[in-house]
Each structure stands twice: as C-alpha cells, then as structure tokens.
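Novice: Protein chains in written order, with the UniProt record's numbering: chain H, 1 to 127; chain P, 1 to 562. No residue lacks a Cβ here, since even glycine has one placed at the ideal position from N, Cα and C. Here the structure is a predicted model, which is why all the values come from computation and not from measurement. Dropping a structure here in structure tokens format, bear with me for questions.
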Amino acid sequence: MNLERVVFGFFTILALTLNLVFVVGQIDNPSHHDVWILTIAILVNLIATGLKLGDRSQIGALLLAASLVADLLLITARIFWIVADSDSATGPGADSTVTVVSLAAGALAANVVSAVILIGDALMSRR
Amino acid sequence: MVVLRHMRKPVFALIVVYAIGVLGMALIPGTGADGEPEYMSLFHAFYFFTYTATTTGFGEIPHAFNDVQRLWAIFCLYIGAIAWLYAIGSIIRLVQNPHFTRAVNEQGFARSVRHLTDPFVIICGFGDTGSLLARGLSDHHLRATLLDRDPERIKAFAVRDYRVRMLGLCAHPDVPRHLIDAGVTQPDCKAVVALTNEEDTNRQIAIVAKLLNPAVKVISRSTSERHCKHLNSLHDVLVVNPFVVFAELLNMAIVAPQLHNLNSWLVGVPRIRLGHPLKVPCGVWVLCGYGRMGQEVHHQLVRHGIQVVIIDPDVEESVAPGRIIRGYADYDTLREAGVEQAAGIVAGTDNDSDNLGILVCVNHLNPSAFTVARQNQHENQIAFDAARADLILQSSLTTARRILKSLISPLIQVMIEFLHDKDQRTEALVSRLRAKVGERTPHLWRLGIAHEEASAAMELLDAGQDLVLGDLIRDPNDLDGTLSCVPLVIRRGGELLMLPEDTEAVLPGDGILFCGTEHSERLLRASLNNPYTLHYLIAGEEAPRGYVFQWIAGWASRRADS
Chain H
1 MNLERVVFGF FTILALTLNL VFVVGQIDNP SHHDVWILTI AILVNLIATG
51 LKLGDRSQIG ALLLAASLVA DLLLITARIF WIVADSDSAT GPGADSTVTV
101 VSLAAGALAA NVVSAVILIG DALMSRR
Chain P
1 MVVLRHMRKP VFALIVVYAI GVLGMALIPG TGADGEPEYM SLFHAFYFFT
51 YTATTTGFGE IPHAFNDVQR LWAIFCLYIG AIAWLYAIGS IIRLVQNPHF
101 TRAVNEQGFA RSVRHLTDPF VIICGFGDTG SLLARGLSDH HLRATLLDRD
151 PERIKAFAVR DYRVRMLGLC AHPDVPRHLI DAGVTQPDCK AVVALTNEED
201 TNRQIAIVAK LLNPAVKVIS RSTSERHCKH LNSLHDVLVV NPFVVFAELL
251 NMAIVAPQLH NLNSWLVGVP RIRLGHPLKV PCGVWVLCGY GRMGQEVHHQ
301 LVRHGIQVVI IDPDVEESVA PGRIIRGYAD YDTLREAGVE QAAGIVAGTD
351 NDSDNLGILV CVNHLNPSAF TVARQNQHEN QIAFDAARAD LILQSSLTTA
401 RRILKSLISP LIQVMIEFLH DKDQRTEALV SRLRAKVGER TPHLWRLGIA
451 HEEASAAMEL LDAGQDLVLG DLIRDPNDLD GTLSCVPLVI RRGGELLMLP
501 EDTEAVLPGD GILFCGTEHS ERLLRASLNN PYTLHYLIAG EEAPRGYVFQ
551 WIAGWASRRA DS
C-alpha cells in the first residue's frame with residue numbers, strides 16, 4: 001500500500017461525491033442545493049488539482065486536465081450563485097438555480113472521468 | 001488531364017445541342033392561360049431541355065404546350081438523347097482503353113507511394129517468394145510496394161489481406177521509371193528486393209536501383225553462378241541463392257544441431273519445437289538428382305566425410321567422388337543404391353512428383369532413414385507435409401525467410417554465425433528461451449535507446465544514472481520475475497555485443513535486439529517511456545508523483561538525515 005495513492009484517491013473520490021451531493025435534488029429548487037456543499041466541493045477539487053500537479057506521465061496529464069475542467073465549472077457555478085443571490089432577498093430564483101446546478105453537473109462529469117481514469121490506472125498496473 | 005482532352009469533343013457536342021434546344025424553346029411562343037402568346041423563360045427552357053435530353057420526361061411544364069412547341073420538343077428529345085449517348089459512350093471507351101487504365105493506375109500508384117511516410121520495401125516480382133515475403137513483412141508491420149509485369153499476379157495481390165497497406169502495380173520492374181514510381185529514390189525506401197524469374201531482369205533491377213539510389217539496400221535472388229558473381233561485384237548487394245542457403249542450413253544441422261533448431265525456430269518454421277534438434281545420421285547417403293541443389297548438398301556431405309551414392313540420369317562420372325548410378329531414381333535404382341541400409345536420402349530433383357515418388361519408395365523400403373526433400377512448387381506443400389520429410393528445401397520459402405531475416409533483424413544472422421562453434425552458449429540460450437517463450441511463436445524486435453523510443457530511459461541516463469539490462473527486462477507486475485523476452489544482441493556504435501549478461505549497462509544510442517512475445521514488447525516499451533514505472537523497476541519502490549508528495553518525501557528524508 002502506498003500512502004500517496006491513498007491520499008490521492010481520497011481527494012479525487014471526495015471531490016466526486018461532494019459534487020454529487022450538491023447536484024442531487026430538483027434542478028430548479030434552490031432549497032434542495034446547499035451553497036456550503038458547493039463551496040466545500042470547490043475547496044476539495046482545488047486540493048485534488050494541487051496533488052495532481054507535477055506528475056509527468058500521460059495519465060497524470062489527463063487527470064490534471066479533468067480536474068481543471070471541474071474547477072472551472074464549479075467556480076463558475078459559485079459565481080453565478082453569488083450574482084443571483086445578491087439580486088433578491090429570498091435567495092436565487094428558479095432560473096438561476098437551473099444554471100448553477102447544470103454547471104455543477106458538468107463538473108460532476110469531469111470528476112467521473114477523473115475517477116474512471118484513476119481506477120483504470122490502478123487496475124492496469126496489477127500489482 | 002488526359003480525361004479532359006479526350007472528352008473535348010463530346011462536351012462540345014453537348015454544349016451545342018443544349019444551346020440549340022434551349023434557344024429554340026425560349027424563342028417559340030407558347031399559348032398562355034388567356035390565349036395570349038407567352039414565351040418560356042430561359043431558365044424554364046433549360047429545365048425542360050435537361051429533363052427531356054436525359055429522357056426523364058416530367059411533362060409539359062409550366063403550361064401545356066401548343067403544337068409548334070411539341071414539334072420542337074420531339075426534336076429536342078432526339079438530339080439531346082443522341083448527344084448524351086455519344087458523351088457516355090466516349091467515357092466508356094476511354095475507361096476501357098488499356099493504355100488509359102494503365103496510365104491512371106501508374107499515376108495513382110506513384111502518388112500513393114510518394115505519400116508513404118513509413119519505411120517500406122520494394123518487391124519486384126510477386127511470385128511464390130514475393131508473396132511469402134510480402135506476407136512476412138506485413139506480419140512485422142513493414143510496408144511494401146510491389147511491381148510485377150503479370151496482371152494476373154497483381155490481381156492476386158489485390159485480393160490479399162495484409163495487416164498494413166501494400167501497394168501494387170502491374171509494370172515491368174526493370175524499367176527505371178517504374179522503380180522510381182515504386183519509390184526507389186525516396187529516403188524511406190529501406191530496400192529493393194529483386195525476385196523475378198529471369199536472372200537478367202534481377203540483375204538489371206539491382207543495377208538500376210543502385211544507380212538511382214546508391215544508399216538503398218539491394219537484395220536479389222539468383223541461382224546461376226555467373227549472375228551471382230556479377231551481382232557480388234556490385235557494392236552492397238545481398239545475393240540470396242536458395243541452394244547455397246539450404247546447403248548452409250544442412251551443414252549447420254550436421255555440425256550444430258542445437259543451433260539449427262534455434263535458427264529454424266527463430267525464422268518461424270512450422271512444427272519446430274525449440275530444444276528438439278534434428279539428428280542427422282552419418283552413414284551412407286543416397287542423393288537423387290545432381291542438379292543445382294544436389295551439387296551443393298553433395299559438397300556439404302562429402303566435406304563432413306559422409307559417403308554419398310548419386311542417382312542421376314545425366315551426371316558425368318568424373319564430377320564427383322563416390323558411387324554414381326546413372327538413371328532416374330525409382331524403386332530399382334534406389335534398391336541398387338542400397339537404400340535399405342542408407343542413413344539418409346536426399347530427393348533433390350527439380351520435379352515435385354519425382355521427389356514425392358522417391359519419398360514414398362523410401363518410406364516403404366527404409367522408414368527409419370533421414371529424408372531431405374526438395375519442394376519446387378509452393379502449392380505442393382500439403383503433399384510434402386504428408387510425406388513427412390525431415391528437412392524440406394522449398395526454394396521460395398528459404399529465399400523469403402532469408403530475405404525477411406536480413407530486412408527485419410539482420411543481427412540474427414550475425415548472432416547465428418557467432419554461435420556456430422559455441423555449443424555451450426547455444427545450449428544456455430536455448431534453455432533460457434524455452435523458459436521465457438516456450439511454445440509460443442517467437443517475436444523479434446529491436447529497441448533503440450533514444451528519445452523517440454525510450455524517453456524515460458534517456459532522461460535517466462542523461463541525469464547520469466546507471467541502467468542495466470536486468471532492470472529493463474524486469475516484470476513490472478512481479479519484480480522478482482522478468483518479462484517473457486531475452487536480449488540477444490546489443491549494437492553499440494560499430495560494435496556488437498552478443499548475448500549480453502543482465503548486468504550489462506545500457507548506454508544512450510544502443511540498439512538492442514530482443515526475442516520474446518509481442519506482449520512483452522508492449523510492456524517493455526511502456527515502462528521505458530514511463531518515468532515512474534522505470535523508477536519502480538530500478539528502485540523497487542514507487543516514486544512520489546505530484547509536487548506536494550515530492551516535497552513531503554524530500555522533507556521526510558531531510559529530517560531522517562539530521
């Protein structure tokens with residue numbers, strides 16, 4: 001067992017699961033989506049990206065790319081939320097919520113790709 | 001462009017006919033809905049003429065025609081249909097013209113060859129040998145361009161299924177222009193192989209190829225002494241004489257049976273099992289047929305002190321020592337030669353049915369004898385397999401294997417020659433190959449220690465670290481084992497290191513010849529390009545990958561030091 005692999009796998013999969021936690025729920029209902037979860041998901045994603053920096057293998061490059069995509073989409077979603085929240089006192093409306101959750105769902109796809117590559121790599125090395 | 005030149009008249013005819021028809025239709029007044037004269041627009045006239053001339057016939061559009069218009073429509077239909085028939089007929093005539101098709105084929109072939117970016121070989125002559133060679137090259141993912149003057153052979157080539165795309169053209173291969181079309185002057189052209197049935201053509205191909213591109217490797221088949229000599233006088237031309245090659249193989253089978261077995265296994269002789277060498281007996285031998293092959297075999301046998309009885313209808317008494325029986329090899333002459341007590345029999349005539357007949361007689365008279373047969377036609381393979389000869393000389397197969405060996409892995413021949421008088425090293429190599437490759441078909445490949453092929457290894461070497469051969473062939477899934485491959489030769493500059501030890505250092509620029517399985521090649525190449533796998537192979541532990549973990553590892557080691 002390799003400590004690096006454990007930590008790496010932990011953050012990659014945590015990023016995926018937190019992302020899923022945020023996305024689950026009715027797409028246009030802001031009370032189903034917690035902005036705190038979104039913020040923590042961004043944080044975990046950024047840590048996962050940081051761990052991926054410096055890997056010189058092909059797989060490493062692909063993992064980093066997927067991670068960057070997830071960061072980009074999640075941060076965009078968070079910015080949308082801020083803008084929508086500031087307009088009204090009652091929180092974001094249904095339209096804005098749809099945009100935010102769709103962006104987070106896109107990030108979820110990138111995180112799924114990351115996890116699949118990670119598992120594939122582990123299975124391929126067979127040791 | 002030849003098409004356009006040829007189509008000038010028909011196209012002209014079509015334009016004129018269209019112009020007449022459309023103009024007429026536009027100028028003739030039609031009858032409008034209210035009885036007033038109404039002219040067809042030019043576009044409508046063209047539309048009408050187009051569907052009429054091509055005999056589609058949508059009807060009278062936009063309004064019903066009057067009689068004058070209908071008269072003109074009849075005229076339009078006939079001239080239009082005739083003009084189209086004339087044009088289509090011209091195209092068909094052009095396509096059927098053999099000179100035209102040849103020109104188009106040549107142009108297409110030359111264009112495809114010019115766009116080849118991988119290394120390729122030019123094969124001149126697609127007979128038995130050519131087709132075997134093309135098959136062998138395709139198995140090693142090497143492309144070839146083919147020239148044969150027989151259209152039937154090119155048709156046969158076109159229906160073959162190769163792993164890589166091969167290009168073929170029906171043309172005289174000794175014409176310089178066709179050799180250029182086939183790519184002799186291109187830098188990616190590895191070799192020109194002359195395999196036509198005429199010795200003179202082969203010689204001409206060799207000379208032309210050398211003149212057009214002095215750097216290209218030329219390989220020619222030749223069985224006549226005069227042409228062999230002539231070709232040998234050209235610089236850097238490899239002459240393959242199947243009878244000489246076979247005599248060498250026979251000699252090897254007598255002197256170094258283990259090595260003969262290894263060689264046959266490496267070149268892929270079917271049903272050969274590594275470590276089960278042939279035992280060539282040293283008693284009296286009967287040689288049937290004293291032709292080109294018979295002479296070479298006789299020479300080898302006599303050299304090893306084997307007594308030979310020759311059966312041949314035309315042999316001169318003085319040419320060879322030993323007993324000579326004049327006549328065709330049949331039941332009586334074979335018995336006269338003492339075939340019941342003979343140790344070995346060579347059926348070496350240039351007629352396959354004679355050779356098969358001899359084998360049948362021998363199987364009947366002396367089933368335990370060692371039999372050597374010459375197979376002249378590739379299509380008789382199954383019959384010869386059924387006759388169970390111990391050694392078969394099939395001229396085309398022997399030639400193709402030798403040429404393939406020199407194209408794919410020229411070092412193998414050097415290694416075989418190196419091992420010629422080293423029985424113990426041969427034995428050791430054979431047992432190692434048996435352990436690693438076993439019953440699987442051997443796969444030979446060359447690995448260059450260079451940035452393109454082994455980026456991670458070069459990085460390591462550039463950083464001043466050592467890399468030994470044993471690290472390379474270690475199995476990444478099991479550090480105590482090795483991959484199913486054996487390094488055979490290292491080429492370092494002009495020097496060749498035969499059968500290197502596992503402790504041998506690997507240096508930048510080395511070319512290493514391996515024998516193993518295709519799977520092991522993929523694994524080996526993968527680890528040589530992945531710095532982490534390579535580090536794992538050498539150090540036995542995973543290196544930290546990301547900057548964060550590298551920093552932590554560095555910090556931990558600094559703390560341990562202090």
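1) Whole-angstrom Cβ separation of I449/P and V414/P, contact assumed at under 8 Å?
2) Considering only their Cβ atoms, is the gap separating K405/P from V267/P smaller than 8 Å?
3) State the DSSP-derived secondary structure class of V95/P, mapped to helix, strand or coil.
4) Alpha carbon to alpha carbon, how far is E36/P from N66/P? Give it in angstroms, no decimals.
5) Give me the residue from L118/H, A110/H and L18/H with the minimum Cα distance to W36/H.
6) For Q550/P, go through chain H and note every residue whose CB falls closer than 8 Å to its CB, in chain order.
7) Here's a check: name, in chain order, each residue in its chain whose Cβ is nearer than 7 Å to the Cβ of T55/P, leaving out the five neighbours to either side.
8) If you count every other CB in all the chains shown that lies within 10 Å of the CB of A194/P, and 16 or more means buried, which is it?
9) Looking at the unbroken beta strand (DSSP E) that takes in V350/P, where does it start and where does it end?
10) Are V255/P and Q341/P touching if we call contact CB-CB under 8 Å?
11) Going by the DSSP bridge assignment, what does V7/H pair with across the sheet?
12) How is the alpha helix (DSSP H) around Q258/P delimited, first residue to last?
13) Count the other CB atoms within 10 Å of the CB of I416/P; is the residue buried (16 or more) or exposed (fewer)?
14) May I have a chain-ordered list of the alpha helix (DSSP H) segments no shorter than 4 residues that lie completely inside the UniProt domain "RCK N-terminal" (118-241) of chain P?
15) From Q550/P to V6/H, what distance separates their C-alpha atoms?
16) Considering only residues of the same chain and omitting the five flanking positions on each side of L14/P, which have a CB-CB separation below 6 Å?
17) Verify the CB distance criterion: does G546/P have a CB-CB separation below 8 Å to chain H?
18) According to DSSP, simplified to helix, strand and coil, what is Y47/P?
19) Just to make sure I have the definition right: I need the residues of chain H whose C-beta is within less than 7 Å of the C-beta of E452/P. Which are they?
20) Chain H beta carbons: is any one of them nearer than 8 Å to that of residue 566/P?
21) How would you list, in chain order, the residues of chain P whose beta-carbon sits under 9 Å from the beta-carbon of N2/H?
22) Mapping the DSSP letters down to three states, classify T398/P as helix, strand or coil.
23) Taking only beta carbons into account, state which residues of the segment 22-36 of chain H come closer than 9 Å to chain P, listed in chain order.
24) Check this for me: beta carbons of A134/P and A144/P, under 8 Å apart or not?
25) Please confirm if L51/H has its CB atom under 8 Å from at least one CB of chain P.
26) Measuring only the C-alpha atoms, how far is M458/P from S527/P?
27) If you compare alpha carbons, which of P173/P, K229/P and S224/P is closest to A209/P?
28) Between which two residues does the alpha helix (DSSP H) holding P410/P run?
29) Put E427/P into one of helix, strand or coil per three-state DSSP.
30) From the DSSP output, in three-state form, read off Y532/P for me.
31) By the DSSP assignment, the alpha helix (DSSP H) with L488/P in it spans what residues?
32) On the premise that S431/P lies in contact with L483/P, defined as a C-beta separation below 8 Å, what is that separation, rounded to the nearest angstrom?
33) If you draw a straight line from the alpha carbon of residue 590/P to that of E453/P, how long is it in whole angstroms?
34) From this set, A73/P, P410/P, D188/P and R323/P, which residue's C-alpha is nearest D118/P's C-alpha?
35) What does S67/H reach in chain P if we use C-beta pairs closer than 7 Å?
36) Taking 7 Å as the limit between beta carbons, can you name the residues of its chain near A456/P, skipping five residues before and five after?
Specialist: Concretely, from the data shown:
1) Actually they are not in contact, since the Cβ atoms of I449/P and V414/P sit about 19 Å apart, beyond 8 Å.
2) yes
3) helix
4) 12 Å
5) L18/H
6) G54
7) A81
8) buried
9) For clarity, residue 350/P is Asp in the given sequence; the question names Val instead. Counting along the chain, D350/P falls outside any beta strand (DSSP E), and DSSP gives it neither H nor E.
10) no
11) Partner(s): none; V7/H has no beta bridge.
12) P257 to V267
13) buried
14) 128-139, 151-158, 176-181, 199-212 and 225-233
15) 15 Å
16) A83 and A87
17) yes
18) helix
19) The premise fails here: E452/P is roughly 16 Å from chain H at the closest Cβ pair, so nothing lies under 7 Å.
20) With chain P represented from 1 up to 562, any question about residue 566/P goes unanswered, as that position is not in the structure.
21) E541 and E542
22) helix
23) none
24) yes
25) yes
26) 12 Å
27) P173/P
28) P410 to F418
29) helix
30) helix
31) L488/P -> not in any alpha helix (DSSP H); beta strand (DSSP E) instead, spanning C485 to R492.
32) That belief does not hold up - the Cβ atoms of L483/P and S431/P are roughly 17 Å apart, past 8 Å.
33) Because chain P spans 1 through 562 in this model, residue 590/P falls outside it and cannot be assessed.
34) D188/P
35) Within 7 Å Cβ-Cβ: nothing; S67/H doesn't reach chain P, min ~11 Å.
36) L528, N529, N530, P531 and L534
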